[in-house]
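What follows is one structure encoded as structure tokens, with my remarks underneath.
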Amino acid sequence: MSDHRHEHGPGHQHGAGGHAGHTGHSHGVSADADRRWLVIALTLITGFMAIEVVIGVIAQSLALISDAAHMLTDAVSIVLALIAMRLAARPARGGFTYGLKRAEILSAQANGLTLLLLGGWLAYEAVHRLIDPPEVEGGLVFGTALAGIVVNIAAAWCLSKANRSSLNVEGAYQHILNDLFAFIGTAVAGLVVLLTGFARADGIATLVVVALMVKAGWGLMRESGRIFLEAAPADVDPDALGDKLVAQPAVVEVHDLHVWQITSGQLALSAHVLVQPGGDCHAVRRDLEELLRHDYGITHTTLQVDHVPEKVLQLALPGDSAGDAAHCEDPHGPVHRGEPHRH
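Right under this line is the structure:
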């Protein structure tokens, strides 16, 4: 007997002796509050960015111009985040059976890539200015940077109120946070130039910011890349998870085990579970789902639960691969089996 349930889209029910399959879903709630905080941050950033570009040109400060360029990527990252939120909120339909939830991960990857590219450009310009430093108006740089610190603190606070468990929102937040560090470095550089006339401080401050940008950008690229490659979440060990599942009462074998992320904070798992003859497939499925929910926070599950055939039960001894071919022609990944005395 099979039981498939869906919170969204059509439901399906099939019948087959000794079989229980189930799909459970857990989806996020409305992101209206997140969008409101992002719009406020976007307004603050774009308004100050326009002013900073003008002052940066007048003061001949690469640090200020780089801050303005960074603010432009901040604004773009927030716009991408807002667009991604809209797309991700659309219900699943047609060929997009998960909807467009991974639009958020595309946004996060774009944010990471822009941080890396911008960091490379700023590093080149900073080295050039260290070799041949121009005259820098320290007073203008210092005053503008202080104002920028205030604006970025306000923008970062706005984004901190949004749901940062979303890699999409986290990407925008990392942009803002790096910009805040950039303004702090620029303020220090402006003060040094103002007090000592050491113009190279402007380039040095830029290089410090570049290091922070590369760190944040690489982190976003790595995390979003793991999701696109269907890797298991960093804090979940699939082998340990499989061993835990097969250790449950009546479970003989677990194979075709897959665990991945649909988008930030939405884990999914599928597996084929074999239970001992006479075992209650539906009870086993419910127990495994509760274990996954309680221990791993995985609520989007698809478990195919079958009684193990007697001939497979006899062959499926630890270290013996004969049982694999007897039940599945091409099992994916390792096969997890219980202890022989439990069979």
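Be aware that the sequence shown starts at 1, since it is given in full-length UniProt numbering, and climbs by one per residue.
Using N, Cα and C, we set each Cβ at its ideal position, and we do this for glycine too.
Which first and last residues belong to the alpha helix (DSSP H) in which residue i is found?
i, result
"T114", "103-131"
"L212", "201-228"
"P238", "238-246"
"P282", "It should be pointed out that residue 282 corresponds to His in this sequence rather than to Pro. Taken as a continuous stretch (DSSP letters only), the alpha helix (DSSP H) holding H282 covers 281-291."
"I149", "138-160"
"E170", "167-196"
For a test of the three-state rule: what should DSSP assign to residue i, helix, strand or coil?
i, result
"S264", "coil"
"Q304", "strand"
"S270", "strand"
"F96", "strand"
"V251", "strand"
"V335", "coil"
"residue 344", "The chain is shown only over 1 to 343; residue 344 falls outside these bounds and no answer can be derived."
"G319", "The pLDDT assigned to G319 is 47, lower than 50, so where the model puts this residue is not dependable; a value taken from the coordinates is nonetheless given after this. Coil at G319, not helix or strand."
Assuming residue i contacts residue j under a Cβ cut-off of 8 angstroms, what Cβ separation, rounded to an integer in Å, is found between them?
i, j, result
"residue 345", "D179", "The structure shown has nothing for residue 345, since the chain only spans 1 to 343."
"A232", "W260", "7 angstroms"
"I105", "L167", "6 angstroms"
"G171", "L220", "5 angstroms"
"V251", "G242", "So it is not a contact: roughly 10 angstroms between Cβ atoms."
"A92", "G99", "4 angstroms"
"L274", "D306", "6 angstroms"
"T73", "L118", "6 angstroms"
"E289", "L303", "7 angstroms"
* the segment 140-156 / the segment 176-191 touching (three or more Cβ pairs under 8 angstroms) -> yes
* Between the segment 186-193 and the segment 52-70, are three or more C-beta pairs nearer than 8 angstroms? -> yes
* Asked: So, do the segment 33-41 and the segment 116-134 have three or more beta carbon pairs nearer to each other than 8 angstroms?
  -> No, the segment 33-41 is not in contact with the segment 116-134.
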